[in-house]
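S.K.: Each residue of the sequence shown is one higher than the last, beginning at 403 in this note's numbering.
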Amino acid sequence: MGDDNVVSRLGSLKALLGIVAGAGASYGVYKLVFSRAGDAGVNTKKAAKSLIVQPGSLMAKVSGFKVVSKSDNLDPDTESNDIHSKSAGSLEPRHLSMLLSLLQSSPNPEERRNVLVTLGNAAAFTVNQDLLREFGGLHIIASFLSDPSPEIRVQTLNALNNLSMNICNQEQLKIDVPSVMQMIETSPVNSDLQLAALRLLTNLSVTDNHQHLMKNSITLLLSLLIVSNDVLQIQVLKVLVNLSSNPDLMDDIVQAQAPASLILLFDGCTSTSVLLRLLFFVGNLHAWRPSAQVAEALRRRQDSLYCVLLDSSSQLHHKLPLLLSHPDEEVKMQVARLLT
Numbered sequence: 403m404g405d406d407n408v409v410s411r412l413g414s415l416k417a418l419l420g421i422v423a424g425a426g427a428s429y430g431v432y433k434l435v436f437s438r439a440g441d442a443g444v445n446t447k448k449a450a451k452s453l454i455v456q457p458g459s460l461m462a463k464v465s466g467f468k469v470v471s472k473s474d475n476l477d478p479d480t481e482s483n484d485i486h487s488k489s490a491g492s493l494e495p496r497h498l499s500m501l502l503s504l505l506q507s508s509p510n511p512e513e514r515r516n517v518l519v520t521l522g523n524a525a526a527f528t529v530n531q532d533l534l535r536e537f538g539g540l541h542i543i544a545s546f547l548s549d550p551s552p553e554i555r556v557q558t559l560n561a562l563n564n565l566s567m568n569i570c571n572q573e574q575l576k577i578d579v580p581s582v583m584q585m586i587e588t589s590p591v592n593s594d595l596q597l598a599a600l601r602l603l604t605n606l607s608v609t610d611n612h613q614h615l616m617k618n619s620i621t622l623l624l625s626l627l628i629v630s631n632d633v634l635q636i637q638v639l640k641v642l643v644n645l646s647s648n649p650d651l652m653d654d655i656v657q658a659q660a661p662a663s664l665i666l667l668f669d670g671c672t673s674t675s676v677l678l679r680l681l682f683f684v685g686n687l688h689a690w691r692p693s694a695q696v697a698e699a700l701r702r703r704q705d706s707l708y709c710v711l712l713d714s715s716s717q718l719h720h721k722l723p724l725l726l727s728h729p730d731e732e733v734k735m736q737v738a739r740l741l742t
């Protein structure tokens, strides 16, 4: 009976690995108990090559292994090449539960990365977003935000990004916003980590439910605009445009410290995609009307976003008219709107 348990456990584990092996790239922020037999782990490695996949078994159904009979010659290399995983959208609830358990129990970083990729793919489907939340999967996945491997942290963020497209999931994921902001601040500029973290924040800032959690990071986001590439700038601006659409956050935004060189981005040499989002951001800022007393207080802070972009002394008032000759029609339209 002990041997049957070992074979059964091995079948389940290999089935999950089959799912992982066939997973594609992620689409683009606490424990379930999973026990492994201590000594049996050594025996399962020896049994792996001699394991026969039974028709209708979990291994055959999930991983798509070619089903062989005892009379067939079983070549380990051929067996691996015969893996054809099911698509992420066709995973059953028990498969998701097993993947979460494997994610927690595996000591192998590459295996954890592959499981996260598969969970991220599965999380692109609404039904799986709900199931993973119900299984406690959001906290399990988010716990890998602190994994020492940058690649695992990237795949964690990618999975959380898909999960955050679900409003109910956002309610749980909001507790991870500080960790995500810290990751953006400490990661190399233009890294995959920064980009994945900003994508997650973009989803979490679509509604005003959790935008207040990011208000203390406005200066960080503005600074990133100066030092990052076009791809990262666009993602930063998506977050800033979302935040600046909330009137309740406007005081925090305009008071934030801003680099004076921010004004240099309002130039014909700036990527059109970046420039358009900058203009949308400024348009949202222009909708804010401070009282005379507040405006005077802000003028005394020369490094505030208000002074850099909004005050009458701002260089932006000289830069905007020059953009009316920009070759892009939408840029010219947005500039004209700001000037009227």
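Each residue gets a CB set at the ideal place from its N, CA and C atoms; glycine is no exception.
Closest Cβ-Cβ distance between Glu732 and chain D: below 7 Å?
M.R.: Absence of chain D from the displayed structure is noted, only one protein chain being present.
S.K.: Pick from His728, Gln531, Pro552 and Pro590: whose alpha carbon is nearest that of Thr674?
M.R.: Translated into positions along the sequence shown, residue 674 becomes position 272. That would be His728, whose Cα lies nearest to the Cα of Thr674.
S.K.: By the three-class DSSP mapping on this structure, what secondary structure does Gln717 have?
M.R.: As a working note, residue 717 is residue 315 in the sequence shown. Residue state, collapsed to three classes: coil.
S.K.: Beta-carbon separation of Leu602 and Leu562 under 7 Å?
M.R.: Here residue 602 refers to the residue found at position 200 of the sequence shown. Here residue 562 refers to the residue found at position 160 of the sequence shown. Yes, they are a contact pair.
S.K.: Run the CB neighbour count on Gln704, radius 10 Å, all protein chains shown included, and call it buried at 16 or more, exposed below.
M.R.: In the sequence shown, counting from the first residue as 1, residue 704 sits at position 302. Result: exposed.
S.K.: Excluding the five sequence neighbours on either side, which residues of its own chain have a C-beta within less than 6 Å of the C-beta of Ala427, listed in chain order?
M.R.: Translated into positions along the sequence shown, residue 427 becomes position 25. Any reading at Ala427 must be qualified, since the residue scores a pLDDT of 33, below 50, and its modelled position is unreliable; the value itself is stated next. So the list is empty, once near-sequence residues are dropped.
S.K.: Report the rounded CA-to-CA distance for Leu634 versus Ala544, giving the unit in angstroms.
M.R.: The residue given as residue 634 occupies position 232 in the sequence shown. The residue given as residue 544 occupies position 142 in the sequence shown. Between Leu634 and Ala544, the C-alpha separation is close to 22 Å.
S.K.: Measuring only the C-alpha atoms, how far is Leu505 from Ser499?
M.R.: Looking up residue 505 in the sequence shown gives position 103. Looking up residue 499 in the sequence shown gives position 97. Their Cα atoms are separated by approximately 10 Å.
S.K.: Rounded to the nearest angstrom, what separates Gly522 and Leu534 at their Cα positions?
M.R.: The residue you call residue 522 lines up with position 120 of the sequence shown. The residue you call residue 534 lines up with position 132 of the sequence shown. Taking the straight line joining both Cα atoms gives about 11 Å.
S.K.: Should Thr604 be labelled buried (16 or more other beta-carbon atoms within 10 Å of its own) or exposed?
M.R.: The count along the sequence shown starts at 1 and reaches residue 604 at position 202. Thr604 comes out buried.
S.K.: Report yes if the C-beta distance between Thr621 and Gln657 is below 7 Å; otherwise report no.
M.R.: Along the sequence shown, read from residue 1 onward, the residue named residue 621 stands at position 219. Along the sequence shown, read from residue 1 onward, the residue named residue 657 stands at position 255. Taking 7 Å as the Cβ cut-off, Thr621 and Gln657 do not qualify as a contacting pair.
S.K.: Among the candidates His688, Ile636, Asn560 and Ile665, whose CA atom is the shortest distance from the CA of Arg739?
M.R.: For this step, residue 739 is matched to residue 337 along the sequence shown. Here the closest residue by C-alpha is His688.
S.K.: Grab me the residues of Ser607's own chain with a C-beta within less than 7 Å of its C-beta, minus the 5 sequence neighbours each way, in chain order.
M.R.: Taking the sequence shown and counting its residues from 1, the one referred to as residue 607 is at position 205. Taken in chain order, the residues that qualify are Gln613, Met616, Val641, Asn644 and Leu645.
S.K.: What three-state label does DSSP hand Ser693 in the structure shown?
M.R.: In the sequence shown, residue 693 corresponds to position 291, counting from 1. The answer is coil: DSSP assigns Ser693 none of H, G, I, E or B.
S.K.: Can you tell me which of the three DSSP states Ser619 falls into?
M.R.: Your numbering for residue 619 matches position 217 in the sequence shown. Note: Ser619 maps to helix in three-state DSSP.
S.K.: For Asp659, which of helix, strand or coil comes out of DSSP?
M.R.: What you label residue 659 is simply residue 257 of the sequence shown in a count that begins at 1. Checking the sequence, you will find Gln at residue 659 rather than Asp. DSSP places Gln659 in strand when its eight states are reduced to three.
S.K.: By how many angstroms is the C-alpha of Ile569 removed from the C-alpha of Asp610?
M.R.: As a first step, residue 610 must be located in the sequence shown, where it is residue number 208. As a first step, residue 569 must be located in the sequence shown, where it is residue number 167. When rounded, the distance between both Cα atoms is 12 Å.
S.K.: Look at the alpha carbon of Asp650 and the alpha carbon of Leu565, and state the distance between them as a whole number of angstroms.
M.R.: Locating residue 650 in the sequence shown gives position 248, where the first residue counts as 1. Locating residue 565 in the sequence shown gives position 163, where the first residue counts as 1. Computed Cα separation, rounded: 27 Å.
S.K.: Using the three-state DSSP reduction, which class does Lys447 fall into: helix, strand or coil?
M.R.: In the sequence shown, residue 447 corresponds to position 45, counting from 1. For Lys447, the predicted model reports a pLDDT of 41, less than 50, meaning its position is unreliable; a value from the coordinates is still stated below. Note: Lys447 maps to helix in three-state DSSP.
S.K.: I'd like the span of the alpha helix (DSSP H) that includes Phe682, first residue to last.
M.R.: As a working mapping, residue 682 is identified with position 280 in the sequence shown. First-last of the alpha helix (DSSP H) with Phe682: Thr674 to His688.
S.K.: Determine the extent of the alpha helix (DSSP H) in which Asp549 is found, giving its start and end residues.
M.R.: Here residue 549 corresponds to residue number 147 of the sequence shown, with the count starting at 1. That residue, Asp549, is in no alpha helix (DSSP H); it is neither H nor E in DSSP.
S.K.: Look at the Cβ atom of Asn686, then the Cβ atom of Ser625, and state whether they are nearer than 7 Å.
M.R.: Here residue 686 corresponds to residue number 284 of the sequence shown, with the count starting at 1. Here residue 625 corresponds to residue number 223 of the sequence shown, with the count starting at 1. Contact: no.
S.K.: Mapping DSSP to helix, strand and coil, what is Ser589?
M.R.: Here residue 589 refers to the residue found at position 187 of the sequence shown. Residue state, collapsed to three classes: coil.
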